[in-house]
Structure formats: structure tokens, C-alpha cells
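Only one structure is covered here, and it is reproduced in the block below.
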Amino acid sequence: MQDQFSKIMKVTLTETEDGSHTLYVPEMDEHYHSTHGAIQESEHIFIQNGFLTTTAQPLQILEVGFGTGLNAWLTCNEATKAQRAVSYFTTEFYPLSPDTWEKLNYCNMHPDYDPSLFHAIHKASWEEKVGINNFFSIEKHKTDMTSFRFEKEITFDLVYYDAFAPGKQPEMWNRSIFEQIVNQMNPGAIFVTYCAKGSIRRLLTELGLKMERRPGPPGKKEILWGQKIIK
Ligand SMILES: C[S@@+](CC[C@H](N)C(=O)[O-])C[C@H]1O[C@@H](n2cnc3c(N)ncnc32)[C@H](O)[C@@H]1O
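So, in C-alpha cells, the structure goes:
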């Protein structure tokens, strides 16, 4: 069965420089991760500069762009190791078919992490909260982030913004999406993205985040990290 994404554009599996897989979208000429290393990039940006910079307990995370599930799986393993309760809310407009995600080699690349968690995260039903283990639950929403509206009560302590690049999908990097997300962020919440563009930094600053440029993973000079100002 074709997944929604492959109806519009084909994805092909490729290997990045650290040996971990990523997906390439020929129609967009865009990869899901850095070609310098998918696992290396996710760990640096979303774990080191995201998860490990937060203290909230329980921790509520929003990820925009679930994709291969790599960020979710790494976070689930970190949460389990640290015995921290995490609720993970993620949006994805083009879910991958099992034929695609089952071929990803992340579990072989990280033998100390639990492969059954990767499968459980992918197999979790959409549109409902599913407990993966004692520490990690996930709520995956199959939705177009450009028109999605959060329920008022939901709030986040940490945001992983992992959409395709602004040059490829400018509609994912506009004021209305960021305004919505910042509104759902708790005071002191962290926002992290691989994108280091000045226009995005300025936009997030205008919306009430104190933004910093931080060193990026290999192949990327800087990333953006921000914190919602506590008023
Ligand atoms: C850079 S990749 C994400 C990588 C992902 N975080 C991972 O660990 O594999 C961008 C993701 O955003 C998704 N996406 C594209 N347009 C979207 C939209 N309008 N709403 C929600 N997700 C979208 C893509 O399908 C893709 O999975």
C-alpha cells in the first residue's frame, strides 16, 4: 500500500556519513536529516540542546514533523534512562508506510537503545495518546500543520521544530504557525530547531522567545535555541 507521501512524491532511503539512514525526497531535492549524519544531528540538536536542557517533570514535548520517528525514539530512550515522565505530541502530514520505516537502520546503529520502543512508537495508533512504557507516551496526529489548531488546554515545555527547510517549504515557517506554538508553550519552555536563519530568529524573538544561536552538529555552523520569557 502506498503511503500518502509517496502519492505526491517518492522517498528513497540513503545512508548518511555516520552510517545512519535518512530519506530523500527527489521532488523537493530535500533530505529528512543532515547528510553528515542523521543520528548525530538528532542527538546534537534535539537531545543535547533540547531534552537535556529542560527540567520540567513531567515533560510535555511537541515535535513538528514526526517523519522517521528518530527524534521520538531517541527521546523515549533518554526519558527511560533518566526515569523522566514524557508526553510526546507530534504532527505529521505524510506518515511513512511500514515498508519504509521498517528498513531504517537506527536500531542497529544504537545497540544500547531498545529496538522494541522504535516499533511501538511507529505502531502506536494515530489521534490518541498511547503509553509506550512507564515513562513515555505518544500522541501522533496525522495533520497538516499549516491548518492545524491545538486544543486550548494543551501546553508544552519543549518544542522540536523539525519541518523541511524554509527554502523548500516556506509555508511551515510563517508567523501564524509559530504564534500558535508559542501560545501553547509554558513560561520558560524551550524551542529548538536546526534552522539558523536570521529571519526565523527575529520572528521568534518578536513572538516572545529569548533566542540564542548555538553551535550546530558537524556540517552545520549554528542552530537556534530559544526560551519563552517568564513574565
Ligand atoms: C525534516 S523531516 C522530519 C524529520 C523527523 N523529525 C525525523 O526524525 O525523521 C520534515 C517532516 O515534516 C513533515 N511535513 C511536511 N509537511 C508537513 C505539514 N504540512 N504538516 C505536518 N508535517 C509536515 C514531512 O513529512 C517530514 O516528515
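Numbering-wise, the sequence shown is residues 22 to 252 according to the numbering used here.
Note that CB positions come from ideal geometry on N, CA and C, so glycine has one too.
Source: prediction; values computed, not measured.
- At least one heavy atom of ligand 1 lies closer than 6 Å to the C-beta of T112.
- If you check the CB distance, Y53 and T111 do not come in under 7 Å.
- Secondary structure note for N92: its alpha helix (DSSP H) is the uninterrupted segment L91 to A103.
- Our two residues, T214 and P236, have alpha carbons roughly 12 Å apart in a direct line.
- Annotation: the stretch 128 to 210 contains the following complete segments of the alpha helix (DSSP H) (minimum length 4 residues), in chain order: 136 to 144 and 196 to 205.
- Residue pairing by DSSP places G247 opposite F212 and M232 in a beta bridge.
- A distance below 7 Å separates the beta carbons of G71 and L179.
- C-alpha of W122 to C-alpha of W194: approximately 26 Å in a straight line.
- Within the stretch 42 to 87, the runs of alpha helix (DSSP H) at least 4 residues long that lie entirely inside it are, in chain order, 59 to 63.
- When DSSP states are grouped into helix, strand and coil, E36 belongs to the strand group.
- Among the bridge pairs identified by DSSP, T111 is matched with E84 and K161.
- Taking a 10 Å sphere around the C-beta of Q104, we find fewer than 16 other C-beta atoms and assign the residue as exposed.
- Remark: the shortest separation between the CB of Y53 and any heavy atom of ligand 1 falls under 6 Å.
- For G71, the CB stays at least 6 Å from every heavy atom of ligand 1.
- Distance from the C-beta of G240 to the nearest heavy atom of ligand 1 is not below 6 Å.
- Between the stretch 196 to 208 and the stretch 223 to 235, the count of Cβ pairs shorter than 8 Å is three or higher; the stretches touch.
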